[in-house]
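Residue numbers (our numbering): 24 to 152.
We put the beta carbon where it would ideally sit given N, CA and C, even for glycine.
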Amino acid sequence: MPFDLRTHLLAGQVIPALPLALSRHRRWDEARQRAVIRYYVEAGAGGLAVGVHSTQFAIREPRHGLYEPVLALATAAARDWLGATGPRPFVFIAGLCGRTPQACREAQLAARHGYHAGLLSLGAWAGDD
24 MPFDLRTHLL AGQVIPALPL ALSRHRRWDE ARQRAVIRYY VEAGAGGLAV
74 GVHSTQFAIR EPRHGLYEPV LALATAAARD WLGATGPRPF VFIAGLCGRT
124 PQACREAQLA ARHGYHAGLL SLGAWAGDD
């Protein structure tokens, strides 16, 4: 059965914003990130929103370099677990931000990793008239 995003969303889904899993040393912890993703899949979430929470804007900074790794891990881990528990509709929504060039780059990157939609933050335009 093909995935129909509109039907899936209109059915009323819980799509949590994926928190960033950090170690006690405040470093990204991939194992814990996978565990959080597994929790949401097991709990019956209808999808994941990744890189959307205000605490995750920093993952885009070059000094962290985590935007693509977090997006990639989220889709891979969720699909792995969905494959193990039986396939079902599941939506991936990527957080997008910045001015047009950055937002377009992020949208293209998200599409390459299998994201269905983007949630655009307009914070970069704050103060513009």
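Alpha-carbon spacing of residue i relative to residue j, whole angstroms
i	j	result
PRO124	GLN56	29 Å
TRP148	GLY109	42 Å
ALA99	TYR138	11 Å
TYR62	GLY106	15 Å
LEU45	ASP151	35 Å
GLU91	LEU132	7 Å
GLN79	TRP51	12 Å
HIS136	ALA130	10 Å
LEU89	ALA126	16 Å
ALA34	ALA134	23 Å
C-beta contact flag for residue i and residue j at 8 Å
i	j	result
ILE116	ALA97	no
PRO112	ALA72	no
ALA81	HIS87	yes
CB-CB length for residue i against residue j, believed under 8 Å
i	j	result
GLY74	GLY118	4 Å
LEU43	VAL93	7 Å
LEU28	VAL114	6 Å
VAL64	TRP104	5 Å
Candidates the options: closest to residue i by CA position
i	options	result
LEU32	CYS120, GLY70 and ALA54	GLY70
ARG128	GLY35, ARG83, ALA101 and GLN36	ARG83
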